[in-house]
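Enquirer: Residue numbers (the numbering used here): 78 to 213.
Glycine included, C-beta positions come from ideal geometry on N, C-alpha and C.
(1) Within 10 Å of its beta-carbon, does residue 135 have 16 or more other beta-carbons around it, so buried, or fewer, so exposed?
(2) Taking only the alpha-carbon atoms, compute the straight-line gap between residue 92 and residue 123 and give it to the nearest angstrom.
(3) Where does residue 108 sit, in a helix, a strand or coil, going by DSSP?
(4) Would the beta-carbon of residue 111 fall within 9 angstroms of that of residue 148?
(5) Please state whether DSSP places residue 62 in a helix, a strand or coil.
(6) Contact check, residue 152 vs residue 107 under 8 angstroms by CB: the rounded distance?
(7) Let me make sure I understand the geometry here. Which of 78, 97 and 79 has the alpha-carbon closest to that of residue 162?
Encoded structure:
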């Protein structure tokens with residue numbers, strides 16, 4: 078199973094009870110498709126960057142789920158046929174986490190190489206003091 082973040086925007090004229098019903102319905106879709114909902118964030122009503130379906134605002138909902146490609150397809154299919162949803166997006170966070178881990182590993186290797194490349198003071202000599210201390 079992979080990790081996904083799925084965000085969708087609900088029309089602003091939909092009341093809070095209907096938004097909650099939609100969230101509950103989508104949780105059921107994920108469960109019936111063999112997935113697992115880790116967390117749901119209701120991000121609230123926000124102004125859109127541009128008009129979407131003649132709307133300037135929308136109610137954002139973010140799902141963190143674990144599932145397969147079929148789970149995602151079913152979730153997106155249901156969002157497409159729901160009139161209250163004006164926009165949606167799905168992101169596979171596994172790939173993002175893998176890239177971040179590779180980046181951290183690369184940075185650690187570069188840091189270790191940088192540390193090794195600094196010349197060590199000759200044996201028997203103390204390291205040189207900073208100029209500020211030497212002048213005092």
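Expert: Per the coordinate set shown:
(1) The residue you call residue 135 lines up with position 58 of the chain shown. Burial call: buried.
(2) Along the chain shown, read from residue 1 onward, the residue named residue 92 stands at position 15. Along the chain shown, read from residue 1 onward, the residue named residue 123 stands at position 46. Roughly 15 angstroms separates the two Cα atoms.
(3) One-based indexing of the chain shown puts residue 108 at position 31. Note: residue 108 maps to helix in three-state DSSP.
(4) Locating residue 111 in the chain shown gives position 34, counting from the first residue. Locating residue 148 in the chain shown gives position 71, counting from the first residue. Yes, these two residues count as a Cβ contact at 9 angstroms.
(5) Lying outside 78 to 213, the shown extent of the chain, residue 62 is not represented and no answer is given.
(6) For the purposes of this step, residue 152 is taken as residue 75 along the chain shown, with counting starting at 1. For the purposes of this step, residue 107 is taken as residue 30 along the chain shown, with counting starting at 1. Their Cβ separation, rounded to whole angstroms, is 6 angstroms, which keeps residue 152 and residue 107 in contact under 8 angstroms.
(7) Translated into the one-based positions of the chain shown, residue 162 becomes position 85. Closest option to residue 162, Cα to Cα, is 97.
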